[in-house]
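Q: The sequence shown begins at 0 in numbering that gives the first Met the number 0 and counts up one residue at a time.
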Amino acid sequence: MDDILKPRPAVERMTAYAPPTAGRAGKLRLDFNENTVGCAPAVLAFLHEKLDAETLAIYPEYGAARAELAAHFGVPQSELLLSNGTDEAIQLLINTYVDAGDEVIILEPSYAMYRFYAELGGARIREVHYRAGTLAFPLDELLEAMSDRTRAVFISNPNNPTGTAVALDVVEQIARHVPSAAVLVDEAYYEFCGVTALPLLDRCRNLFVSRTFSKAYGMAGMRLGCLLSNDRNLAFVGKVHSPYSVNILAALAARAAIRDAGYVGRYVKEVLAARETLSHGLKAMGIPFHNSAGNFLLIEMGDDAVGVRTALSAAGVLVRDRGREIKGCVRVTVGTQEQMERFLDVLRMIWPKADQEGTERPLQS
Ligand code: PMP
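1) Using three-state DSSP, classify Phe286 as helix, strand or coil.
2) From which residue to which residue does the beta strand (DSSP E) around Phe45 run?
3) So Asp30 and Leu346 are supposed to be a Cβ contact under 8 Å. How far apart are they, rounded?
4) Quick one: give me the first and last residue of the alpha helix (DSSP H) that Asp139 is part of.
5) Bridge partners for Ala111 per DSSP, in chain order?
6) Please state whether the Cβ-Cβ distance between Ile105 and Glu126 is less than 8 Å.
7) DSSP three-state call for Ser155: helix, strand or coil?
8) Pull up the DSSP beta-bridge partners for Arg181, would you.
9) Taking the straight line between their C-alpha atoms, what separation do you get for Pro59 and Asn246?
10) To the nearest angstrom, report how far apart Phe153 and Gln90 are at their CA atoms.
11) Does the Cβ of Phe31 lie closer than 7 Å to at least one heavy atom of ligand 1?
12) Mapping the DSSP letters down to three states, classify Glu356 as helix, strand or coil.
13) Looking at C-alpha atoms only, which residue of Phe115, Lys49 and Ala63 is the closest neighbour of Ala17?
14) For Arg204, collect the residues of the same chain with a Cβ closer than 7 Å to its Cβ; drop the 5 residues on either side in sequence, then sort them by chain order.
15) Measure from the alpha carbon of Ala310 to the alpha carbon of each residue in Asp302, Trp350 and Glu337, then state which is nearest.
16) Could you tell me the distance, in whole angstroms, from the CA atom of Gly224 to the CA atom of Asn32?
17) With distances taken Cα to Cα, identify the nearest neighbour of Met221 among Arg65, Gly193 and Ala253.
18) Nearest to Phe342 by alpha carbon, out of Phe295, Val194, Lys326 and Leu277?
19) Please list the terminal residues of the continuous alpha helix (DSSP H) segment that includes His128.
20) How is Phe207 classed by DSSP in three states: helix, strand or coil?
21) Could you have a look at Met348 and say whether DSSP puts it in helix, strand or coil?
22) Confirm, please, whether the CB-CB distance from Tyr188 to Gly293 is below 8 Å.
23) Between which residues of its own chain and Arg148 is the CB-CB distance below 6 Å, once the five residues before and five after are set aside?
24) When the Cα atoms are used, what is the spatial distance from His47 to Phe212?
25) Just the C-alpha distance for Phe288 and Ile298, rounded to the nearest angstrom, thanks.
26) Classify Thr85: buried if its beta carbon has 16 or more other beta carbons within 10 angstroms, exposed otherwise.
27) Exposed or buried, what is Leu43 when buried is set at 16 or more other beta-carbons lying within 10 Å of its beta-carbon?
28) Just the Cα atoms here: how many angstroms apart are Pro160 and Asn290?
29) To the nearest angstrom, how far is the alpha carbon of Ala66 from that of Ala166?
30) Under 8 Å, do Gly327 and Ala313 count as touching if we go by C-beta distance?
31) Would you say Asp185 and Asn156 are within 8 Å of each other, going by their C-beta atoms?
32) If you measure between the beta carbons of Ala174 and Val194, is that distance less than 8 Å?
33) With a threshold of 7 Å (Cβ to nearest heavy atom), would Gly334 be considered close to ligand 1?
34) Can the beta-carbon of Pro108 be found closer than 8 Å to that of Ile257?
35) Does the beta-carbon distance from Leu80 to Leu233 come in below 8 Å?
Laid out in structure tokens, this is it:
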């Protein structure tokens with residue numbers, strides 16, 4: 000059939016994104032940087048209490064969630080927008096500020112959805128690469144790449160998958176360098192590093208910060224994100240936002256989640272200790288990895304990467320192959336101490352070089 004319906008050229012050009020998300024429940028899920036034990040029991044209890052047939056019958060009302068989340072972030076409600084995950088916030092920024100043919104800067108490697116939505120919007124993408132070897136933040140290269148043609152810049156802080164963190168004065172420098180571009184600081188892993196660009200929003204009029212309930216809060220299935228910026232920016236972004244993109248379960252769950260700060264605090268503490276356990280275990284096996292400010296480590300497995308990932312998967316342990324972006328690298332989500340011990344036990348059984356003394360390569364960062 001040669002009379003096939005033609006999509007937009009941008010859709011024709013872009014590569015499809017197919018995440019390997021099937022049959023993951025019940026396995027040791029170290030592949031998506033999720034919370035590996037799940038959300039607070041208080042979230043489930045609140046949903047049970049609030050859910051009834053009428054609540055589901057009514058189009059979602061966000062008043063209570065907006066008020067409580069704005070108070071949680073310490074901002075007026077006009078400076079907060081609820082989104083269907085960070086992913087929708089990224090798309091909203093593209094739709095609000097980037098026309099087809101406009102320039103968008105993304106760092107590589109980073110979270111795939113920046114490129115996805117930029118490509119979908121027909122943007123011209125300019126890549127800036129994390130420094131080879133150390134994976135340090137390429138500030139000079141980024142400043143050099145940005146110009147008055149740049150309409151959007153996406154920074155994941157800390158960055159997925161490298162774990163690289165960037166300091167606030169650097170974020171401010173970047174935002175000030177391109178006053179005509181929307182600069183998003185994606186703080187999906189904020190809870191694990193404690194550094195936020197929120198205090199810069201007053202000073203940098205082109206800055207946006209996103210947060211998510213998908214990671215530390217254990218609610219990836221709910222799809223709830225928050226986009227924060229000054230009220231004038233969010234008034235424009237709000238025009239682009241479809242009115243009911245966040246479902247009522249997510250809006251309810253978020254209220255309970257932020258009330259139970261102790262749960263997330265304890266989980267983060269456990270993960271940070273488990274990151275040490277994992278680091279020590281890898282060092283003892285002579286496997287190099289990159290230090291990370293998030294709940295994941297990028298591990299250098301060299302030529303063995305694909306084989307190790309496949310063997311781990313056969314043993315019920317899921318990790319993410321990042322070899323396409325950084326040769327021989329596998330990304331492992333940090334869970335609880337017990338889960339990291341389990342991961343190391345399985346790795347010791349299958350790691351091809353485990354019995355070789357003196358194979359330790361120096362750590363990269
Ligand atoms: N930002 C970053 C940097 C991520 O790594 C991820 C998930 N892997 C997301 C955003 C996705 O967030 P959400 O589930 O809120 O869409």
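Glycine residues also receive a C-beta, built at the ideal position from the N, C-alpha and C atoms.
No experiment lies behind these values; they were computed from the predicted model shown.
A: Let me spell this out:
1) Taking the sequence shown and counting its residues from 1, the one referred to as residue 286 is at position 287. Checking the sequence, you will find Ile at residue 286 rather than Phe. It is coil, neither helix nor strand.
2) As a first step, residue 45 must be located in the sequence shown, where it is residue number 46. Taken as a continuous stretch (DSSP letters only), Phe45 belongs to no beta strand (DSSP E), being part of the alpha helix (DSSP H) at Pro40 to Lys49.
3) Taking the sequence shown and counting its residues from 1, the one referred to as residue 30 is at position 31. Taking the sequence shown and counting its residues from 1, the one referred to as residue 346 is at position 347. Not quite, the Cβ-Cβ distance comes to about 14 Å (not below 8 Å), so this is no contact.
4) The count along the sequence shown starts at 1 and reaches residue 139 at position 140. Unbroken alpha helix (DSSP H) run through Asp139: Leu138 to Ala144.
5) Position 112 of the sequence shown, counted from the first residue, corresponds to residue 111. Answer by DSSP bridge pairing: none, since Ala111 is not bridged.
6) In the sequence shown, residue 105 corresponds to position 106, counting from 1. In the sequence shown, residue 126 corresponds to position 127, counting from 1. Yes. Within cutoff.
7) In the sequence shown, the residue the question calls residue 155 occupies position 156. Strand at Ser155.
8) For this step, residue 181 is matched to residue 182 along the sequence shown. The question names Arg, yet the displayed sequence has Ala at residue 181. DSSP output for Ala181 lists Ala151 as bridge partner(s).
9) Along the sequence shown, read from residue 1 onward, the residue named residue 59 stands at position 60. Along the sequence shown, read from residue 1 onward, the residue named residue 246 stands at position 247. Distance between the alpha carbons of Pro59 and Asn246: 6 Å.
10) By 1-based counting over the sequence shown, the position of residue 153 is 154. By 1-based counting over the sequence shown, the position of residue 90 is 91. Straight-line Cα distance between these residues: approximately 12 Å.
11) Taking the first residue of the sequence shown as position 1, residue 31 is located at position 32. Result yes, Cβ under 7 Å from ligand 1.
12) By one-based count along the sequence shown, residue 356 stands at place 357. With a pLDDT of 42 at Glu356, under the threshold of 50, the modelled position of that residue is not reliable, and no figure is offered here.
13) For this step, residue 17 is matched to residue 18 along the sequence shown. The option with the nearest alpha carbon to Ala17 is Phe115.
14) The residue labelled residue 204 in the question sits at position 205 within the sequence shown. Closer than 7 Å at the Cβ level, and outside the excluded window around Arg204, lie Asn229.
15) Your numbering for residue 310 matches position 311 in the sequence shown. If we check each option's Cα against that of Ala310, Trp350 comes out closest.
16) In the sequence shown, counting from the first residue as 1, residue 224 sits at position 225. In the sequence shown, counting from the first residue as 1, residue 32 sits at position 33. Their backbone Cα atoms lie some 16 Å apart in a straight line.
17) As a working mapping, residue 221 is identified with position 222 in the sequence shown. The residue with the shortest Cα to Cα distance from Met221 is Ala253.
18) Taking the sequence shown and counting its residues from 1, the one referred to as residue 342 is at position 343. If we check each option's Cα against that of Phe342, Leu277 comes out closest.
19) Walking along the sequence shown from the start, residue 128 turns up at place 129. Looking at the DSSP string, His128 is not in any alpha helix (DSSP H); the run it does join, the beta strand (DSSP E), is Arg123 to His128.
20) As a first step, residue 207 must be located in the sequence shown, where it is residue number 208. If DSSP states are grouped into helix, strand and coil, Phe207 belongs with the strands.
21) Along the sequence shown, one-based indexing puts residue 348 at 349. Residue state, collapsed to three classes: helix.
22) Locating residue 293 in the sequence shown gives position 294, counting from the first residue. Locating residue 188 in the sequence shown gives position 189, counting from the first residue. Yes, the Cβ-Cβ distance between Gly293 and Tyr188 is below 8 Å.
23) As a first step, residue 148 must be located in the sequence shown, where it is residue number 149. Answer for Arg148: Glu102, listed in chain order.
24) One-based indexing of the sequence shown puts residue 47 at position 48. One-based indexing of the sequence shown puts residue 212 at position 213. Taking the straight line joining both Cα atoms gives about 19 Å.
25) One-based indexing of the sequence shown puts residue 288 at position 289. One-based indexing of the sequence shown puts residue 298 at position 299. Note on geometry: alpha-carbon atoms of Phe288 and Ile298 lie some 4 Å from one another.
26) Counting from one through the sequence shown, the residue named residue 85 turns up at place 86. So Thr85 ends up on the buried side.
27) Working through the sequence shown from its first residue, we reach residue 43 at position 44. Exposed, because fewer than 16 other Cβ atoms sit within 10 Å of the Cβ of Leu43.
28) Taking the sequence shown and counting its residues from 1, the one referred to as residue 160 is at position 161. Taking the sequence shown and counting its residues from 1, the one referred to as residue 290 is at position 291. So the two alpha carbons sit approximately 11 Å from each other.
29) Translated into the one-based positions of the sequence shown, residue 66 becomes position 67. Translated into the one-based positions of the sequence shown, residue 166 becomes position 167. Going from the Cα of Ala66 to the Cα of Ala166 covers about 30 Å.
30) Numbered from its first residue, the sequence shown carries residue 327 at position 328. Numbered from its first residue, the sequence shown carries residue 313 at position 314. At least 8 Å separates the beta-carbon of Gly327 from that of Ala313.
31) On the sequence shown, position 186 is the one that residue 185 refers to. On the sequence shown, position 157 is the one that residue 156 refers to. Yes.
32) Sequence index remark: in the sequence shown, residue 174 carries index 175 (1-based). Sequence index remark: in the sequence shown, residue 194 carries index 195 (1-based). The answer is no: Cβ separation not under 8 Å.
33) The residue given as residue 334 occupies position 335 in the sequence shown. Gly334 Cβ: outside cutoff for every heavy atom of ligand 1.
34) Here the question's residue 108 lines up with position 109 in the sequence shown. Here the question's residue 257 lines up with position 258 in the sequence shown. Contact flag unset, no.
35) Counted from its first residue, the sequence shown places residue 80 at position 81. Counted from its first residue, the sequence shown places residue 233 at position 234. Yes.
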